[in-house]
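The numbering of the sequence shown is my numbering, which starts it at 12 and goes up by one. Here is the structure we will look at, set down as structure tokens.
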Amino acid sequence: ARVHDADGLELAQLEDTSFISLEVIRQAVDAAGFRLPESDDHFVVRTGLDGRPYVALQIALTNKQGKIRAWLDGIFALSATEQARLQANIWRTVLHVLTGILITSLILYPVVSQLLGRLSGLTDRLLDANLETIQVLGGAIAKRDGNTDTHNYRVTVYSIRLAEVVGLDDAQIRALIKGALLHDVGKLGIPDKVLLKPERLDEVEFEIMKAHVQHGLDITGRAAWLAEAQDVVGAHHEKYNGSGYPGGLARDAIPLNARIFAIADVFDALTSWRPYKEPISSDDAMEILEKGRGEHFDPRLLDLFTGIAREVYDQFGGLKGDDARGELGRIMQRYFRRDTAALMP
Numbered sequence: 012a013r014v015h016d017a018d019g020l021e022l023a024q025l026e027d028t029s030f031i032s033l034e035v036i037r038q039a040v041d042a043a044g045f046r047l048p049e050s051d052d053h054f055v056v057r058t059g060l061d062g063r064p065y066v067a068l069q070i071a072l073t074n075k076q077g078k079i080r081a082w083l084d085g086i087f088a089l090s091a092t093e094q095a096r097l098q099a100n101i102w103r104t105v106l107h108v109l110t111g112i113l114i115t116s117l118i119l120y121p122v123v124s125q126l127l128g129r130l131s132g133l134t135d136r137l138l139d140a141n142l143e144t145i146q147v148l149g150g151a152i153a154k155r156d157g158n159t160d161t162h163n164y165r166v167t168v169y170s171i172r173l174a175e176v177v178g179l180d181d182a183q184i185r186a187l188i189k190g191a192l193l194h195d196v197g198k199l200g201i202p203d204k205v206l207l208k209p210e211r212l213d214e215v216e217f218e219i220m221k222a223h224v225q226h227g228l229d230i231t232g233r234a235a236w237l238a239e240a241q242d243v244v245g246a247h248h249e250k251y252n253g254s255g256y257p258g259g260l261a262r263d264a265i266p267l268n269a270r271i272f273a274i275a276d277v278f279d280a281l282t283s284w285r286p287y288k289e290p291i292s293s294d295d296a297m298e299i300l301e302k303g304r305g306e307h308f309d310p311r312l313l314d315l316f317t318g319i320a321r322e323v324y325d326q327f328g329g330l331k332g333d334d335a336r337g338e339l340g341r342i343m344q345r346y347f348r349r350d351t352a353a354l355m356p
């Protein structure tokens, strides 16, 4: 320890000459020099020299009037006993904290686990309700249009299979599923005399019919969960060469999901029975689709669908009613369950 006057001049020095690291301390103190503190308060600094802790103090020495007359500037080594005590206190504190964390975790784990289980169950039930709703709604639209809901199920399956070959990710396929099932939801807003007219629509009636696209966008836009269906709902009547409606979009300006759906929709319409026509074979249907290459259909997507058309038709073309709905349901569960599973730990 050293004593300095109020101006910083050294007045006295006291050392423990038996301290083994005394020379190290001297060199450190000499190198640092004495600096007057910026305030009258004494301060304590923990420091480290030669691998062990020290306490550095600078204390103001005042007279009766409180005026600083000198400064005590010292470095003190912690004894081995004190170091051991401090280290023991640290480890004791750490142990208490860890024990508290462990006990809290053990208490909360079953509670959190039970809550997560309930949340998972509620999520599953909500998902099932949502999926069932869009299937039922899509089927209701098809029946009002004079078709069977089987078309809705098959065209969605065909769309999914083509999307898988294209390499779409799960999120894109989920959006495609919603759009495929609800592509004609806007027909709910079309008058029966137009929607169900057996003869060819005149120009005015056709304009009324085309409005079903905007009606569909309005309906799906009211529910956040259905918003991603709008690519298909809003663009399933667009054509690759720009001659479609409502926007006259062309090429890549048409959403990818809508371009995929357009191929699946026409393919199923050609290969399915209708009151006004007999079904044709998958090969004949592909010949007709080929005539729309670059005009109605995206050539690249048509090439990919050509490679799977016969296989998917043989597998799904004969499905009707509950069989078609069941197959689609299994596929939907696979894609949508993966989405909800990602939310659970």
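C-beta atoms are modelled at their ideal positions from N, C-alpha and C, and glycine is treated no differently. These figures come from a predicted structure and were not determined experimentally.
Y65 and Q24 have their C-alpha atoms spaced approximately 18 Å apart. About 37 Å separates the beta carbons of A17 and A91, which is beyond the 8 Å limit, so they are not a contact pair. The Cβ atoms of D279 and R165 sit closer than 8 Å to each other. Inter-segment contact for the region 268-283 and the region 240-253 is present: three or more beta-carbon pairs are separated by less than 8 Å.
Going by C-alpha positions, I86 is about 4 Å away from A67.
If you look at H15, you'll find it in the beta strand (DSSP E) that goes R13 to D16.
For K288, the pairing in a beta bridge is given by DSSP as R285. A contact between stretches requires three or more CB pairs, one per stretch, nearer than 8 Å, and the region 184-204 meets this requirement with the region 230-237. Within the region 176-225, the complete alpha helix (DSSP H) segments at least 4 residues long are 181-192, 203-206 and 214-221, listed from N- to C-terminus.
The DSSP assignment places complete beta strand (DSSP E) segments of no fewer than 3 residues inside the region 68-102 at 79-88, in order along the chain. The C-beta distance from D84 to Q69 rounds to 5 Å, short enough to fall under 8 Å.
For Y324 and V123, the gap between their C-alpha atoms comes out near 48 Å.
Residue burial annotation: T110 is exposed, with fewer than 16 other C-beta atoms found within 10 angstroms of its C-beta.
Just so you know, the alpha carbons of G318 and V176 end up roughly 9 Å apart.
Around the C-beta of A273, 16 or more other C-beta atoms lie within 10 Å, and the residue is accordingly described as buried. Leaving aside the five residues that flank L313 on each side, the residues in its chain whose CB is nearer than 7 Å to its CB run, in chain order, I274, L300 and R304. The Cβ atoms of T161 and K331 lie closer than 8 Å to each other. Under the three-state reduction of DSSP output, A23 falls in the strand class. The beta carbon of I145 is closer than 7 Å to those of K189, L192 and L193 in its chain, skipping five residues each way along the sequence. Taking 8 Å as the cut-off, the Cβ atoms of R129 and F347 do not count as close. Judged by DSSP secondary structure, P310 falls within the alpha helix (DSSP H) whose first and last residues are P310 to T317.
CA-to-CA, the gap between D263 and D276 works out to about 19 Å. Take I201, set aside five residues on each side of it, and the residues of its chain with a beta-carbon closer than 8 Å to its own are I219, M220, A222, H223 and H226, in chain order.
For a cut-off of 8 Å, the C-beta gap from N163 to G150 is around 6 Å, short enough to register as a contact. Within its own chain, the residues whose Cβ lies closer than 6 Å to the Cβ of I265, once the five positions on either side in sequence are excluded, are A246 and E249, listed in chain order. One Cα belongs to W284, the other to I291, and the distance between them is close to 8 Å. When only Cα atoms are considered, K302 and G197 end up about 29 Å apart. Distance from the CA atom of Q326 to the CA atom of D180, rounded to whole angstroms, is 23 Å. In this structure, the straight-line span from the alpha carbon of G253 to that of P310 is close to 14 Å.
Separation of the CB atoms of V147 and I342 is rounded to 17 Å, and the pair is thereby denied contact status at 8 Å. Residue state for P121 is assigned as helix, using DSSP reduced to three classes. According to the DSSP assignment, R233 belongs to no alpha helix (DSSP H), since it is labelled neither H nor E.
Apart from sequence neighbours up to five positions away, no residue of its chain approaches D294 with a beta-carbon distance below 6 Å. DSSP places Y256 outside both helix and strand once states are collapsed to three, so it counts as coil. Rounded to the nearest whole angstrom, the CA to CA distance from R96 to R103 is 10 Å.
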